[in-house]
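Following: one structure in structure tokens, then a few remarks.
There are 2 protein chains.
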Amino acid sequence: MKDHVAHRNTKQRTIILEELTKLTSHPTATELYNIVRKRLPKISLGTVYRNLELLTENGIIQKLELAGNESRFDAMAVRHNHVRCVECGRVDDLMDIPDDPLIERPAIIDGYRIEGYNLEFYGVCPHCYKKSKGK
Amino acid sequence: MKDHVAHRNTKQRTIILEELTKLTSHPTATELYNIVRKRLPKISLGTVYRNLELLTENGIIQKLELAGNESRFDAMAVRHNHVRCVECGRVDDLMDIPDDPLIERPAIIDGYRIEGYNLEFYGVCPHCYKKSKGK
DNA sequence: CTCATTGCAAATGATTTGCAAGAAA
DNA sequence: TTTCTTGCAAATCATTTGCAATGAG
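Line by line, the protein sequences are chains B and P.
Here the first sequence is numbered in my numbering, starting from 16 and rising by one per residue.
Here the second sequence is numbered in my numbering, starting from 16 and rising by one per residue.
The following block contains the structure:
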């Protein structure tokens, strides 16, 4: 979209990407904002949103738009699936699950030019399962 | 959740379900509100939301929580997949696509008790494709 | 009578945007 | 310089909620 525009290397952008890369927790924009704030106390949440959007457009990071939930961000650009815990909301990677059966689908269904799909598993994470057994 | 509570048959609830059932367009709450308002001019958007939620909890209708988009509602309670047009936002049913390959997955992955998944295709609908060719 | 439900308005929560000041290139 | 970016605050958008009044059973 904006391939022709010169993007500048700002301190903010660099640190946002650095901190996101350190995390495997798929933070929300606000969570990442709170982390980045430790290094850049003056940064604003709006800047975090703008940069995450830009990095996503450039394919450097991935935006996980979870059904009915706050978006989360993933520094791993390689496509892979995710599981969301219905209890605590955490999101984990599912590297083992191949997404091939869906990729094989025809590119045109019912007249639609299919561009892709969103697939998201949900369930109870090990931690919350352990807690619920304690009841 | 509320199986023990007595639900009352209100005019509002009846008409909301009636109108939703007439539609195959998977309306948003606001779209349905505007339709229902023709029969019940005093109804409020909040009432529409509350009833759609209740009907969903009771398994009478389906709430489609689309990644990063407004929720839409479907009077067909039988599970089936959907495609969303990235141009105009409309959502259509995909009755032909079986979702079996995913159902066969193990119930526990990486420690997660998998309860289900959200799968949503996206692409360009026939109508928008026709328009874009005209450029 | 009771209490689920409604209409209304205000509140919430996530995300976006307008704008003047600041900083890359 | 030029113009992309930022910080800040206000705006937006979907959805939820508090509350007094209403109505179904």
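From the three backbone atoms N, C-alpha and C, an ideal C-beta is built for every residue, glycine too.
In this structure, the CA atom of Ala-82 (chain P) is about 7 Å from the CA atom of Asn-133 (chain B).
When P:Val-139, P:Gly-74 and P:Leu-79 are compared, the shortest CA-CA separation from Ser-40 (chain P) is found for P:Leu-79. A direct Cα-Cα distance of roughly 19 Å separates Pro-56 (chain P) from Asn-24 (chain P). Looking from the CA of Leu-60 (chain P), the closest CA among P:Leu-69, P:His-95 and P:Leu-47 belongs to P:Leu-47. Residue environment analysis places Cys-140 (chain P) among the buried positions, since at least 16 neighbouring C-beta atoms fall within 10 angstroms of its C-beta. With 16 or more other Cβ atoms inside 10 Å of its own Cβ, Cys-100 (chain B) counts as buried. The C-beta of Phe-136 (chain P) comes closer than 7 Å to at least one C-beta of chain B. For the C-beta of Gly-131 (chain P), the chain B residues within less than 8 Å are, from N- to C-terminus, Phe-136, Tyr-137 and Gly-138. Legend: CB atoms of the segment 85-108 of chain P lying less than 8 Å from CB atoms of chain B belong to residues Ser-86, Val-98, Cys-100, Val-101 and Asp-107. In this structure Ile-75 (chain B) does not touch Arg-54 (chain B) by the C-beta definition: roughly 19 Å separates them, more than the 8 Å allowed. Relative to His-97 (chain B), the option among B:Lys-26, B:Pro-42 and B:Glu-135 whose CA is nearest is B:Glu-135.
Going by DSSP, Arg-65 (chain B) is part of no beta strand (DSSP E) but of the alpha helix (DSSP H) stretching over 60-72. Measuring C-alpha to C-alpha distances from Ile-123 (chain B) to each of P:Ala-122, P:Ala-21, P:Ile-129 and P:Tyr-137 identifies P:Tyr-137 as the nearest.
The bridge partners DSSP lists for Gly-131 (chain P) are B:Tyr-137.
Burial state of Glu-85 (chain B) is exposed, judged by a 10 Å Cβ sphere holding fewer than 16 other Cβ atoms.
The closest CA to that of His-142 (chain P), considering only P:Ile-58, P:Gly-104 and P:Arg-87, is found on P:Gly-104. Among the bridge pairs identified by DSSP, Lys-78 (chain B) is matched with B:Phe-88. Of the candidates B:Leu-38, B:Pro-42, B:Leu-69 and B:Asn-49, the residue whose Cα lies closest to the Cα of Arg-28 (chain B) is B:Leu-69. Sequence-distant partners of Val-51 (chain P) (beyond 5 residues in either direction) whose C-beta falls short of 7 Å from its own C-beta, in its chain, are Ile-30, Ile-31, Glu-34, Ile-58 and Val-63. The C-beta of Ala-44 (chain B) comes no closer than 7 Å to any C-beta of chain P. Contact annotation: Thr-36 (chain B) and Ala-90 (chain B) have beta-carbon atoms nearer than 7 Å.
The Cβ-Cβ distance between Val-106 (chain P) and Arg-87 (chain P) falls below 7 Å. Put simply, the CB of Arg-128 (chain P) is near chain B, with a gap under 7 Å to one of its CB atoms.
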